[in-house]
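3 is the number of the first residue of the sequence shown in my numbering; add one for each residue after it.
Written out below as structure tokens is the structure these notes cover.
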Amino acid sequence: MTAHATLDTPEGAKLLDSRFTVPGMRCAGCIAKIERGLAGIEGVDSARVNFSSKRVAVRHKDSLDEESLVDAIAAIGFEAQPVADNPLAKDDREVKLLLRALAVAGFGMMNIMLLSVSVWSGAGGVTRELFHWLSALIALPVVAYSGRPFFASAAMALRHRRTNMDVPISIGVLLATGLSVYETFAGGGHAYFDSAVMLLFFLLAGRTLDATMRNKTRAGIGSLLSRMGKNAAVLDEGGNRRVVSAEDLEPGMLMLVAAGDALAADGDIEEGETALDNS
């Protein structure tokens with residue numbers, strides 16, 4: 003999903019393009035929040051939010067630097083980091099974090115379920131209380147560790163007086179865990195540690211799968227983009243050859259292309275003949 007936000011800027015102002023990764027975007031509503039927040043910053047010409055890759059592309063005046071834009075996005079309620087030259091390069095950090103959390107949640111879920119089956123089967127008295135305490139001993143560190151991706155996102159959203167998908171998830175998990183702890187201390191007959199940890203496990207499984215597929219897609223597109231020419235040889239008005247970056251190419255320039263070169267831009271053949279590989 004892609005969205006745009008644009009502001010009028012004086013003609014002739016020098017504009018720069020900066021790209022940021024914003025892993026905290028969880029829903030389409032986050033797009034509008036980031037758009038409106040960046041649109042209100044003096045010096046920002048346009049902002050483009052790509053939800054599928056969790057990237058933000060900002061066109062701004064040279065009076066704004068990347069650090070200022072990162073602070074501005076943080077003020078909106080999202081953590082942001084500048085991305086490398088290839089904005090679609092593979093980034094495994096989020097996937098690794100989610101995989102570790104998923105593994106811990108899976109371990110806790112299976113062990114707590116073993117204890118819960120006995121309670122469901124009719125175990126009572128001291129045996130039931132013992133199994134509740136053992137379940138609490140397993141569940142509390144599991145919830146604290148595996149719930150971090152949700153809790154951190156929810157806490158940041160609430161600090162900036164907004165909500166996202168992780169807020170109700172965090173409330174549900176914490177309420178189930180808190181009620182189970184109370185029942186365990188009070189010697190009650192029901193505890194819901196298994197439900198809390200199981201909810202975390204399946205939510206993490208879905209989020210991990212989503213992050214993995216997005217990462218593979220982004221890496222594939224990034225690999226194709228990396229084959230594009232980053233520099234081009236051009237002839238100036240005096241007929242002198244000079245090398246410029248692809249970003250500095252302008253309409254009307256005469257570009258020299260040697261055999262085997264990757265084109266830095268589209269254009270018309272003015273002189274000579276060639277065959278191009280458009281794959």
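C-beta atoms are modelled at their ideal positions from N, C-alpha and C, and glycine is treated no differently.
Distance between beta carbons of residue j and residue i, contact taken as under 8 Å
i	j	result
V236	V246	6 Å
A198	V145	6 Å
A82	T23	7 Å
A103	P151	6 Å
L201	V175	6 Å
D19	R61	5 Å
P84	E68	5 Å
M257	G240	With 8 Å as the limit, M257 and G240 do not qualify as a contact, their Cβ atoms being about 16 Å apart.
Contacts around residue i, its chain only, beta-carbon distance under 8 Å, and the 5 residues preceding and following it disregarded
i	result
E273	none
L101	T210
N233	V245, V246, S247, A248, A266
I271	none
Pick from the options that is closest to residue i, judged by C-alpha positions
i	options	result
P170	M115, G110, S155	S155
C29	F22, S55, E131, L40	S55
L99	R243, M112, G149	G149
D47	L177, L256, L205, S65	S65
L71	V97, R21, L104, L206	R21
E185	F153, D250, S137, A59	S137
F80	I36, S123, S120, R95	I36
A107	N52, M257, F187, P143	P143
G189	V128, S118, L251, A261	V128
V119	Y147, D196, M255, R243	D196
D168	A178, H162, L181, F153	F153
N52	N233, D238, D270, R216	R216
A105	E96, A207, A234, D270	A207
D94	T214, A125, M158, G126	T214
G191	E275, G126, I271	G126
C32	G240, G124, A159	A159
H162	A277, P253, G269, A76	A76
A2	L278, N242, I271	The structure shown does not extend to residue 2, since the chain spans only 3 to 281, so no value can be given for it.
F203	E275, Y147, I271, G124	Y147
Host beta strand (DSSP E) of residue i (start-end)
i	result
F51	Looking at the sequence itself, residue 51 is Val, so the reference to Phe does not match. Residues 46-52.
D19	17-23
A193	Looking at the DSSP string, A193 is not in any beta strand (DSSP E), and its letter there is neither H nor E.
A107	Element bounds for A107: not the beta strand (DSSP E) but the alpha helix (DSSP H), 95-122.
V175	That residue, V175, is in no beta strand (DSSP E); its alpha helix (DSSP H) goes 168-188.
A82	Unbroken run through A82: none, as it is neither H nor E.
A267	Taken as a continuous stretch (DSSP letters only), A267 belongs to no beta strand (DSSP E), as it is neither H nor E.
N233	233-237
A248	Counting along the chain, A248 falls outside any beta strand (DSSP E), and DSSP gives it neither H nor E.
K63	57-63
Endpoints, alpha helix (DSSP H) assigned at residue i
i	result
M158	150-161
K35	30-41
V259	First-last for V259: undefined, no H or E at that position.
A77	68-78
Own chain residues within Cβ distance below 6 Å of residue i, not counting five before or after
i	result
G39	I78
A59	R21, R50
V121	R130, F133
L17	D47, R61
A267	L251
A74	I43
L117	F133, L136, S137
T179	V145, A198
M255	V236
Cutoff 7 Å; reference residue i; Cβ partners in own chain excluding five residues on either side
i	result
I140	G110, N113, I114
L205	I171
T219	none
R243	A235, L237, L258
Distance cut-off 7 Å: residue i Cβ against heavy atoms of the ligand ATP
i	result
A41	For the ligand ATP, the structure offers nothing, since it holds no ligand at all.
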